[in-house]
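Working notes, structure below.
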Amino acid sequence: MSDFPGWHGTTIIGVRKGGQVVVAGDGQVSLGDTVIKGTARKVRRISPGGYDVVAGFAGSTADAFTLLERLESKLEATPGQLQRASVELAKDWRTDKYLQKLEAMLIVTDGSQLYVITGAGDVLEPEHDVAAIGSGGNYALAAARGMIDSDRSAEQIARDAMAIASDICVYTNGNLTVESISA
């Protein structure tokens, strides 16, 4: 079925400021030009072995859940080492034939470290303490970067940036899930 419109949607942002990291995501899932769901939850807190991590995902939901499960197992094998677990996940994602087909991206944080993990084998620590992914990611990123030096908190910046992205990107809505974690 070559003319299948494909799933679109999602804006996820991570903002680190003042000893706090906030990850926020919208709730819209679209199929072509139709909104299928407006209340999807794309930001989650995982706690493998009592070690809290907040993760947000963009892309295929089933693929993202597969990656979150893999990240949890990597964190269980390397407790308290988000960077190492993220690198191990990215290596598996890049080299495993099954995982290579997964179409998703992740933003993960433990409250001090903030990373974007991609299927190309990237584990990126963002400059300027802001990371964003998804269809409206660039809008949210630009908005947050413009506010990062203000007196706003990490949560205020994330919420305001998501509001701007939802006004611009037709695949992003204002129904937010927001998770905060401290260093």
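Going by full-length UniProt numbering, the residue at position 157 of the sequence shown is 157; the numbering climbs one at a time, nothing skipped.
From the three backbone atoms N, C-alpha and C, an ideal C-beta is built for every residue, glycine too.
| Asked | Found |
| --- | --- |
| Straight-line CA distance for residue 168 to residue 135? | 10 Å |
| Output the boundary residues of the beta strand (DSSP E) element that contains residue 179. | 177-182 |
| What residue from 56, 33 and 41 has the CA that sits closest to residue 137's CA? | 56 |
| Return the Cβ separation of residue 54 and residue 179 in integer angstroms, given the expectation that the two are a contact with Cβ distance under 8 Å. | 4 Å |
| Would you kindly check if the distance between the Cβ of residue 107 and the Cβ of residue 23 is under 8 Å? | yes |
| With a CB to CB cut of under 7 Å and the five nearest residues on each side skipped, what residues in its chain are close to residue 63? | 102, 103 and 104 |
| On the DSSP bridge list, what partners appear for residue 104? | 59 |
| What residues match up with residue 73 in a beta bridge as DSSP calls it? | Bridge partners of residue 73: none, in fact. |
| Measuring alpha carbon to alpha carbon, tell me which of 85, 38, 14 and 78 ends up nearest residue 67. | 85 |
| Which residues does DSSP list as the beta-bridge partners of residue 133? | 12 |
| Does the beta-carbon of residue 36 have 16 or more other beta-carbons within 10 angstroms, so that it is buried, or is it exposed? | exposed |
| Distance, Cα to Cα, residue 11 vs residue 18? | 23 Å |
| Could you tell me whether the Cβ atoms of residue 157 and residue 165 are closer together than 8 Å? | no |
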